[in-house]
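In UniProt numbering, the protein residues as written are 1 to 299. Each residue gets a CB set at the ideal place from its N, CA and C atoms; glycine is no exception. Note that this is a predicted model, so its numbers are computed, not measured. The next block holds one structure in the form of structure tokens; read it before the comments.
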């Protein structure tokens, strides 16, 4: 299969990247990050999450961030809304697209959200109904598609079932996530081949963590399978909570470098993207997790 001519990058740094940070991050700094990412040309930015601050304190100011960002025409500013209360809060904040998440592993679902996969899917039904009423698009996430910290390997057929359920209930796109970063290129290709029998390839996305240093290889393998949408995080923000000390989300800068080298269009400006990463890393007081940004700064 030939490589896609255009790839859409879903920037998850402001949400998935920042949500596990221990130090408080001001609304102003979050707004600056989102605006910098918009200026870099990213067409989809996951700005925040509407969940109880008891569980995710870092996302407590999501409504304020949405109120203060400079929204650019043509850019989607999304948010995670895992339950109906979260969805209602997102709508009140002017969110036009939300995301819900399920797991491909029963053990992970029980440990993470205290219910079975089937029960988690049932919880999304009222969200989907409300989304249709409000004209809001819903994106689906499936975690642990290439491995689970509790079960080990996850069968592609299990991933296909969960993805099919999310797509059937109305998710316009389903992002398949290698949550612990153990996937390999061969396993990635097989997984997408199996899942695409139930969900069209142009409705699937890849979300890879770099825990084992395989994210870029897995993204290339996904491109060979006709996948043209990838989640990534500015400066590689967001660790892997199931592998102590390990890296997490693949850096947007690094994915862009790969795509640029392949002649694939994204509409994203590398220099502005690196600047956005430098700014938020200065706030966090740590070096960037992007290999490309590090190499550029070393010149």
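Anticipated Cβ contact below 8 Å, residue i with residue j, distance rounded
i, j, result
"residue 98", "residue 79", "6 Å"
"residue 103", "residue 50", "Between residue 50 and residue 103 the Cβ distance is about 20 Å, and since that is not below 8 Å, they are no contact."
"residue 253", "residue 293", "5 Å"
"residue 139", "residue 171", "6 Å"
"residue 32", "residue 279", "7 Å"
"residue 164", "residue 193", "In fact, because the Cβ distance is near 15 Å, the residues do not count as touching under 8 Å."
"residue 276", "residue 36", "4 Å"
Pair within 9 Å by beta-carbon distance, residue i and residue j
i, j, result
"residue 121", "residue 176", "no"
"residue 70", "residue 285", "no"
"residue 306", "residue 88", "The requested residue 306 is not part of the displayed model; the chain covers only 1 to 299."
"residue 173", "residue 201", "no"
"residue 235", "residue 13", "yes"
"residue 43", "residue 75", "yes"
"residue 206", "residue 180", "no"
"residue 105", "residue 143", "yes"
"residue 232", "residue 9", "yes"
"residue 216", "residue 258", "yes"
"residue 20", "residue 261", "no"
"residue 41", "residue 268", "yes"
Sheet register partners of residue i (DSSP bridge)
i, result
"residue 45", "11, 77"
"residue 251", "233"
"residue 6", "265"
Identity of the residue in the options nearest residue i by Cα
i, options, result
"residue 2", "247, 296, 272, 223", "223"
"residue 46", "30, 117, 259, 160", "30"
"residue 96", "157, 81, 105", "81"
"residue 212", "191, 5, 247, 41", "247"
"residue 203", "229, 117, 194, 281", "229"
"residue 273", "11, 26, 5", "11"
"residue 118", "15, 161, 85", "161"
"residue 159", "134, 109, 76, 128", "109"
"residue 123", "39, 84, 112", "84"
"residue 61", "105, 256, 15, 37", "15"
"residue 185", "237, 146, 296", "146"
"residue 168", "183, 128, 148", "128"
"residue 220", "296, 38, 183", "183"
"residue 155", "7, 187, 125", "187"
"residue 250", "218, 56, 6, 39", "218"
"residue 148", "237, 111, 260, 133", "111"
"residue 107", "77, 153, 298, 126", "153"
9 Å Cβ cutoff, residue i in contact with chain B
i, result
"residue 194", "The structure shown has no chain B; it contains just one protein chain."
At 4 residues or longer, and completely inside the segment 138 to 222: list those alpha helix (DSSP H) runs for me, N to C. Fully enclosed alpha helix (DSSP H) runs of 4 or longer: 156 to 169, 185 to 195.
What are the complete beta strand (DSSP E) segments, minimum 3 residues, inside the segment 49 to 130? 76 to 80, 97 to 103
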